[in-house]
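Have a look at the structure below, then the notes.
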Amino acid sequence: MKKALVTLKDVSKAFIGVQALSKINLTINGGEILCLVGENGSGKSTLVKIITGVHRPDEGEIIFGEKSYPFLTPRTAIAEGVEVIYQDLSLFPHMTVAENIAISRNMYNKKKFVDWREVRQVAQEQLDKIGVELDLEARVGELSIGNQQITAICRALALDAKILFMDEPTTALTKKEVARLLEIVQGLREKGMAVVFISHKLDEVMEVADRITILRDGKKVGDFKSTELDEDAIVRHMTGRDVTYSKYRRESADDTVLLEVRNLTKKGQYEGISFQVRKGDILGLAGLLGAGRRELALSLFGLNPPDSGEIYFEGKPVTIDSPAAAKALGIGFLPEDRYTQGLFLNKDVTQNISSTVLDELSGFAKVVDQKAEERLADESIETLKIRTSSRRTVIKTLSGGNQQKAVIGKWMAIQPKLLILNSPTVGIDVGAKSEIYERIQDYARGGMGLIYISDEINQIVNNCNRVLVMANGRGVAMLEGEELASPDVERQIEELISKDI
Amino acid sequence: MKFRRLDKRIFFLLGIIVVYSTIVGLKNPYFLSIQTVFDTIRSSSEAALVALGLLVIMIAGNIDISFPAIALFGGYVTVVIMIATGIDNLFFAFALSTLFGVVLGLFNGFLVHSLKIPALIITLGTQYLFHGIMTTFIGSATYGAGVMPKSILSFSAKQLFQIKLQYGTTGLTYFVIPVVIAIAVTWFILYRTMLGRGIFAMGNSEEAARRVGFNPLVIRLFVYGYMGALAGMMGIIHLASVNAVYPNALIGTEMMVIAAVVLGGASFSGGRGTILGALLGVIIINLMNNTLIFLGLSSSWNNFCVGALMVISVVITSYQERLENRRKLLFTD
Numbered sequence: 186m187k188k189a190l191v192t193l194k195d196v197s198k199a200f201i202g203v204q205a206l207s208k209i210n211l212t213i214n215g216g217e218i219l220c221l222v223g224e225n226g227s228g229k230s231t232l233v234k235i236i237t238g239v240h241r242p243d244e245g246e247i248i249f250g251e252k253s254y255p256f257l258t259p260r261t262a263i264a265e266g267v268e269v270i271y272q273d274l275s276l277f278p279h280m281t282v283a284e285n286i287a288i289s290r291n292m293y294n295k296k297k298f299v300d301w302r303e304v305r306q307v308a309q310e311q312l313d314k315i316g317v318e319l320d321l322e323a324r325v326g327e328l329s330i331g332n333q334q335i336t337a338i339c340r341a342l343a344l345d346a347k348i349l350f351m352d353e354p355t356t357a358l359t360k361k362e363v364a365r366l367l368e369i370v371q372g373l374r375e376k377g378m379a380v381v382f383i384s385h386k387l388d389e390v391m392e393v394a395d396r397i398t399i400l401r402d403g404k405k406v407g408d409f410k411s412t413e414l415d416e417d418a419i420v421r422h423m424t425g426r427d428v429t430y431s432k433y434r435r436e437s438a439d440d441t442v443l444l445e446v447r448n449l450t451k452k453g454q455y456e457g458i459s460f461q462v463r464k465g466d467i468l469g470l471a472g473l474l475g476a477g478r479r480e481l482a483l484s485l486f487g488l489n490p491p492d493s494g495e496i497y498f499e500g501k502p503v504t505i506d507s508p509a510a511a512k513a514l515g516i517g518f519l520p521e522d523r524y525t526q527g528l529f530l531n532k533d534v535t536q537n538i539s540s541t542v543l544d545e546l547s548g549f550a551k552v553v554d555q556k557a558e559e560r561l562a563d564e565s566i567e568t569l570k571i572r573t574s575s576r577r578t579v580i581k582t583l584s585g586g587n588q589q590k591a592v593i594g595k596w597m598a599i600q601p602k603l604l605i606l607n608s609p610t611v612g613i614d615v616g617a618k619s620e621i622y623e624r625i626q627d628y629a630r631g632g633m634g635l636i637y638i639s640d641e642i643n644q645i646v647n648n649c650n651r652v653l654v655m656a657n658g659r660g661v662a663m664l665e666g667e668e669l670a671s672p673d674v675e676r677q678i679e680e681l682i683s684k685d686i
Numbered sequence: 076m077k078f079r080r081l082d083k084r085i086f087f088l089l090g091i092i093v094v095y096s097t098i099v100g101l102k103n104p105y106f107l108s109i110q111t112v113f114d115t116i117r118s119s120s121e122a123a124l125v126a127l128g129l130l131v132i133m134i135a136g137n138i139d140i141s142f143p144a145i146a147l148f149g150g151y152v153t154v155v156i157m158i159a160t161g162i163d164n165l166f167f168a169f170a171l172s173t174l175f176g177v178v179l180g181l182f183n184g185f186l187v188h189s190l191k192i193p194a195l196i197i198t199l200g201t202q203y204l205f206h207g208i209m210t211t212f213i214g215s216a217t218y219g220a221g222v223m224p225k226s227i228l229s230f231s232a233k234q235l236f237q238i239k240l241q242y243g244t245t246g247l248t249y250f251v252i253p254v255v256i257a258i259a260v261t262w263f264i265l266y267r268t269m270l271g272r273g274i275f276a277m278g279n280s281e282e283a284a285r286r287v288g289f290n291p292l293v294i295r296l297f298v299y300g301y302m303g304a305l306a307g308m309m310g311i312i313h314l315a316s317v318n319a320v321y322p323n324a325l326i327g328t329e330m331m332v333i334a335a336v337v338l339g340g341a342s343f344s345g346g347r348g349t350i351l352g353a354l355l356g357v358i359i360i361n362l363m364n365n366t367l368i369f370l371g372l373s374s375s376w377n378n379f380c381v382g383a384l385m386v387i388s389v390v391i392t393s394y395q396e397r398l399e400n401r402r403k404l405l406f407t408d
């Protein structure tokens, strides 16, 4: 029989008028992997912050074994064995693996001095627990993300964690690393720990989960056995409605080739890549992290010059050696990390949208015409359904989905002929996701060509009329038409992308 | 194993010292003498003290440019009080000046923490503020050797030991005592206490440091207070070495110290830096300042050489980082 490690009873929490959580009942058992899913704002993070002692609930109780608490402090939470690994991992990049692992435990024990031998010993013990070898003296910043995550897990283990929360643990990992992570997590489960994945991505994590708890608008929708739900059902529970993604079909009669790539090669990244993008095409690039998709996309936008091969744009051979050159041709690029590469976080919505066309918007003496700028912004807000309190709202205060729409708006402002989208829906609500897909398909219907990179194979199949499957830097298959309509296509692509691993 | 961790930077700095000394030594054999070593140590003492303080602040991810004003304030006010009260004791001088330094440093730390304005701007302001308070409310007279407390004057002349040379003798200045103590204390704090690890942690990521339980306010107050203490001590050494108090002394020397610490491998973004690096940075800059003359170069070459060295080292570092980022396909430029 599984033992309840923690039970929440009727826990509620409100922030200035907003009911973040209402009457939540939840039990987390030892020896189980739980998935906590919900859209942004569903109360997932508030719930975690209550269990970790960051927030005090307004009502309800938190029960650990025999003890009941009206609220926790971070210290009592740690004492009860609660640990969180945040998405950013909260590691110290210039410090060693050993120190990163031991530092929380030293702080918790209120150590005043450092005993380096003990630090290394503590670190080694944790690594032994999960059976992984890492160089204790290596700087964490030099490790792969997967190994950084292992360091973070060891840090939690050093504090004798019983309940381990992991926030979006797989986003930045390669397939191999995900497999290793899941193996480690399953090992922890064997040892009687509880692991709670917090996610709004419906992915491989679900496969190992014993139970799925879904939150919506601060209320618990229910606990489900992972075997009784499919993705559609989860989405329905998360959003409270049926979200259907319409399948893209190319109807254009105009077969003009916009972009043609022949034998494009960049040593160590991708090799011998050839494809065409016609007007109205949405070309999907499927593959694993490291398959060369991102590197290829960067090359097409002038950021990662290829070693050899030819690029033709509208039939003419071109060299794209800078983003400016790409933009001049009419190529837009939505990068995977909107925070550091897609947005000016501290600027407002209008300034972000107009940033690609400042030259066009400025008249005499290069002064930007504010009226025209605002008209452009209003248009984008309207057509892309960007939910913002005003056009002058600072962009970092918007939700991820609305930020991403602004990035799309920014590129639409140049009226691109070709738009490259790298993972446009990462970290975005299901609702906003479907709106973004709709827009993308509209653009294609209007004659634009698009290249769409995503890790979600079902979305690639849904949104693309051609799919280039890449593995280890090579194009291993080009699927279109009938092939993409086959019900078996997702599994087929899964197999293709894992070739030679 | 241990040496693997010894930064490339340290070898770079040692290399510079060796190459430079060889060149100067070839040109002028008098350079390669114990006298030069002792002179360099003496002239580096002041900067070494505040460089240690600045290193600690920069590791925590902050910056301070008000320390010369703090040093001057501590030294000047101490001398005024000593003259007024007739107390003529070196320990009293150090204690009092250090105390002033700590108070002003804590004030800096408090402002930096609570105002959330870049520390550069705040300490630029407090530099003028501290100096202004001193010249307006305490005094702006110059005190020459005639009125300076005897204990401070004699501190300057004392030598730990002497060596007979062909012509006369040379010796190691007493100034190294506070410097060696400061090195030991700084090393102990940074590498043997959790407070020190918190300083590194905060420079790596303030949010992550907060999450594992460090208190950023305590750490900021400490690093600025510590800097203040070292600046206060430096104030007394400075008075001793020039045998006088000028109300405008030291102001403007902060950039040289910052240059030394950055040359030594500390980063403006925090989390990095070594004591040895900072000290070597100070030594290189002082060595050049004092010995370019051996090459027959006028003192106007000082700035040129220090500047060139600094630019080269920064360019090398950032170029390496850029190559690394390029490799990871991060586009930061």
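Listed in order, the protein sequences are those of chains Z and S.
Here the first sequence is numbered in our numbering, starting from 186 and rising by one per residue.
Here the second sequence is numbered in our numbering, starting from 76 and rising by one per residue.
In this text, a Cβ means the ideal position worked out from N, Cα and C, and glycines have one as well.
Values in this document were obtained by computation on a predicted structure and should not be read as measured data.
How far does the alpha helix (DSSP H) with residue i in it extend, from its first residue to its last?
i, result
"Val222 of chain Z", "First-last for Val222 of chain Z: Glu217 to Val222, but that is the beta strand (DSSP E), not the alpha helix (DSSP H)."
"Ser197 of chain Z", "Counting along the chain, Ser197 of chain Z falls outside any alpha helix (DSSP H), though it belongs to the beta strand (DSSP E) covering Ala189 to Phe200."
"Gln536 of chain Z", "Val534 to Ser539"
"Glu327 of chain Z", "It is not in any alpha helix (DSSP H) - Glu327 of chain Z carries neither H nor E in the DSSP assignment."
"Lys83 of chain S", "Lys83 to Lys102"
"Thr424 of chain Z", "Glu416 to Thr424"
The beta strand (DSSP E) spanning residue i covers which residue range?
i, result
"Lys570 of chain Z", "Unbroken run through Lys570 of chain Z: none, as it is neither H nor E."
"Ser207 of chain Z", "Val203 to Asn214"
"Leu519 of chain Z", "Ile516 to Leu519"
"Arg396 of chain Z", "Arg396 to Arg401"
Would you mind working out which of the options sits nearest residue i, comparing C-alpha positions?
i, options, result
"Ile566 of chain Z", "Z:Ala550, Z:Gln555 and Z:Ile538", "Z:Ile538"
"Ser609 of chain Z", "Z:Ile645, Z:Pro601, Z:Lys602 and Z:Ile516", "The amino acid occupying residue 609 of chain Z in the given sequence is Pro; Ser does not appear at that position. Ranking Z:Ile645, Z:Pro601, Z:Lys602 and Z:Ile516 by Cα distance to Pro609 of chain Z puts Z:Ile645 first."
"Gly487 of chain Z", "Z:Phe460, Z:Gly515 and Z:Gln461", "Z:Gly515"
"Ser683 of chain Z", "Z:Lys187, Z:Pro672, Z:Val661 and Z:Gly407", "Z:Val661"
"Ser141 of chain S", "S:Trp262, S:Phe369 and S:Ile326", "S:Ile326"
"Gly303 of chain S", "S:Thr173, S:Asn103 and S:Met331", "S:Thr173"
"Gly634 of chain Z", "Z:Leu221, Z:Leu546, Z:Ile458 and Z:Phe518", "Z:Phe518"
"Leu165 of chain S", "S:Val177, S:Gly150 and S:Val178", "S:Gly150"
"Gly223 of chain Z", "Z:Gly215, Z:Ala205 and Z:Leu449", "Z:Ala205"
"Gly382 of chain S", "S:Thr392, S:Ala335, S:Arg347 and S:Ser373", "S:Ala335"
"Asp466 of chain Z", "Z:Asp352, Z:Arg447 and Z:Ser437", "Z:Ser437"
"Val260 of chain S", "S:Asn290, S:Leu240, S:Phe289 and S:Leu305", "S:Leu305"
"Val393 of chain Z", "Z:Val380, Z:Asn489 and Z:Ser459", "Z:Val380"
Can you list, in chain order, the residues of its chain whose CB lies under 7 Å from that of residue i, leaving out five sequence neighbours each side?
i, result
"Arg478 of chain Z", "Leu470, Gly472, Ile638 and Met655"
"Ile294 of chain S", "Ala135, Gly273, Ile274 and Met277"
"Asp408 of chain S", "Its pLDDT being 49, under 50, Asp408 of chain S is placed unreliably by the model, and the measurement read from it follows with that caveat. Counting only Cβ-Cβ distances below 7 Å, and skipping sequence neighbours, we find Arg397."
"Phe277 of chain Z", "Asn285 and Val325"
In chain order, what residues of the same chain have a beta carbon less than 6 Å from the beta carbon of residue i, not counting five sequence neighbours either side?
i, result
"Ala315 of chain S", "Ile227, Phe230 and Ser231"
"Tyr95 of chain S", "none"
"Ile335 of chain Z", "Val317"
"Lys77 of chain S", "A caution first: Lys77 of chain S carries a pLDDT of 42, below 50, which makes its placement in the model too unreliable to give a value."
"Arg659 of chain Z", "Glu456"
What residues in its chain sit with their C-beta under 8 Å from that of residue i, if we drop five residues either side in the sequence?
i, result
"Thr281 of chain Z", "Leu321, Glu322, Ala323, Arg324 and Val325"
"Leu509 of chain Z", "A quick correction: the sequence has Ala, not Leu, at residue 509 of chain Z. Gly487."
"Val93 of chain S", "none"
"Met223 of chain S", "Val154, Leu314, Asn318, Ala319 and Val320"
"Ser37 of chain S", "Residue 37 of chain S is absent from the model: chain S starts at 76 and stops at 408."
"Asp533 of chain Z", "Arg576, Arg577, Thr578, Val579 and Ile580"
Practice prompt. For the segment 250-278 of chain Z, enumerate the residues whose C-beta is nearer than 7 Å to any C-beta of chain S, in chain order.
Written response: With the criterion set as a beta carbon lying under 7 Å from some beta carbon of chain S, the members of the segment 250-278 of chain Z are Ser275, Leu276, Phe277 and Pro278, in sequence order.
Discussion item. Output needed in chain order: residues of the segment 281-293 of chain Z with a Cβ under 8 Å from some Cβ in chain S.
Written reply: If the cut-off is 8 Å between Cβ atoms, the segment 281-293 of chain Z has Glu284, Ile288, Ser289, Asn291, Met292 and Tyr293 near chain S.
Practice prompt. Please specify which runs of the beta strand (DSSP E), each continuous and at least 3 residues long, are wholly inside the segment 205-262 of chain S, giving them in chain order.
Written response: Counting whole runs of 3 or more residues, the segment 205-262 of chain S contains the beta strand (DSSP E) stretches 234-239 and 244-248.
Worksheet item: Can you list the beta strand (DSSP E) stretches of 3 or more residues lying completely in the segment 561-637 of chain Z, in chain order?
Response: Residue ranges of uninterrupted beta strand (DSSP E) with 3 or more members, entirely inside the segment 561-637 of chain Z and ordered along the chain, are 603-607.
Practice prompt. For the segment 326-343 of chain S, enumerate the residues whose C-beta is nearer than 9 Å to any C-beta of chain Z, in chain order.
Written response: For the segment 326-343 of chain S, which is checked against every Cβ of chain Z, the residues closer than 9 Å are Ser342.
Discussion item. Which residues of the segment 296-312 of chain Z have a Cβ closer than 8 Å to any Cβ of chain S? Give them in chain order.
Written reply: For the segment 296-312 of chain Z, the residues whose beta carbon sits under 8 Å from a beta carbon of chain S are, in order, Lys296, Lys297, Phe298 and Val299.
Practice prompt. Select from the segment 205-218 of chain S all residues with a C-beta closer than 7 Å to any C-beta belonging to chain C, and list them in chain order.
Written response: Considering every chain present, this structure includes no chain C. Its protein chains are Z and S.
Worksheet item: Of all the beta strand (DSSP E) runs that stay within the bounds of the segment 460-495 of chain Z, which reach a length of 3 or more residues?
Response: Counting whole runs of 3 or more residues, the segment 460-495 of chain Z contains the beta strand (DSSP E) stretches 467-471.
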